[in-house]
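In the working numbering, the protein residues as written are 9 to 138.
We treat Cβ as the ideally placed atom computed from N, Cα and C, and that holds for glycine.
The next block holds one structure in the form of structure tokens; read it before the comments.
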Amino acid sequence: MEEILKKAHELGDLIAKSKELIRCQEQEITFANDPGAQAAVAEYDKKSKELAEEMRSGGMTPEKLESFRTRMNENMKELNQNTIARDYLEAKSAFNKLINQVNEIIGYHIRGEEEGGGCGGNCSSCSGCH
9 MEEILKKAHE LGDLIAKSKE LIRCQEQEIT FANDPGAQAA VAEYDKKSKE LAEEMRSGGM
69 TPEKLESFRT RMNENMKELN QNTIARDYLE AKSAFNKLIN QVNEIIGYHI RGEEEGGGCG
129 GNCSSCSGCH
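Given below as structure tokens:
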């Protein structure tokens with residue numbers, strides 16, 4: 009058990025020094041100091057929740073689904089016009105992707121399979137779990 013905990017500390021140190029976490033932290037500070045970026049994200053979240061509620065309340069048809077996708081894409085385009093908000097969300101997404109990949113690799117070694125049910129064969133984003 010001691011060796012496992014030692015390796016966990018080593019992994020934690022590597023993650024703490026990762027460019028993904030450092031960029032995420034830097035962007036988070038920039039985002040926190042920009043009320044315009046915060047408002048843009050809040051507005052996007054509000055519109056997203058309204059659209060999701062609208063979709064849940066009515067019967068799902070292919071037309072409604074397409075309308076939902078179109079409107080969400082429009083909302084995302086509006087959000088992306090704020091570069092601080094966009095950079096923050098991209099950095100946060102990159103860090104979350106790293107953490108998810110680490111969790112998948114650990115899960116693979118515990119369960120013998122990845123969370124998604126196995127390897128998809130495309131290793132472009134894989135960090136080598138096998």
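Same chain only: Cβ atoms within 6 Å of residue i, ignoring 5 sequence neighbours per side
{"i": "G129", "result": "Only weak support exists for where G129 lies, its pLDDT of 43 falling under 50; the value from the coordinates is given anyway. Hits under 6 Å: none found."}
{"i": "S135", "result": "Residue placement at S135 is poorly supported in this model, since its pLDDT is 49, which falls under 50; the coordinates still yield a value, given next. Closer than 6 Å at the Cβ level, and outside the excluded window around S135, lie Q109."}
{"i": "A24", "result": "none"}
For residue i, the nearest candidate out of the options (CA to CA)
{"i": "A48", "options": "K100, S65, N90", "result": "N90"}
{"i": "K55", "options": "I113, E82, S101", "result": "E82"}
{"i": "L97", "options": "K14, A45, E71, E10", "result": "A45"}
{"i": "N104", "options": "E18, E11, L29, M9", "result": "L29"}
Span of the alpha helix (DSSP H) around residue i
{"i": "S56", "result": "43-65"}
{"i": "Q109", "result": "91-119"}
{"i": "K15", "result": "10-24"}
{"i": "T38", "result": "27-40"}
Same chain only: Cβ atoms within 7 Å of residue i, ignoring 5 sequence neighbours per side
{"i": "S26", "result": "L106"}
Same chain only: Cβ atoms within 8 Å of residue i, ignoring 5 sequence neighbours per side
{"i": "E34", "result": "A99"}
Helix, strand or coil at residue i according to DSSP, with G and I counted as helix
{"i": "M84", "result": "helix"}
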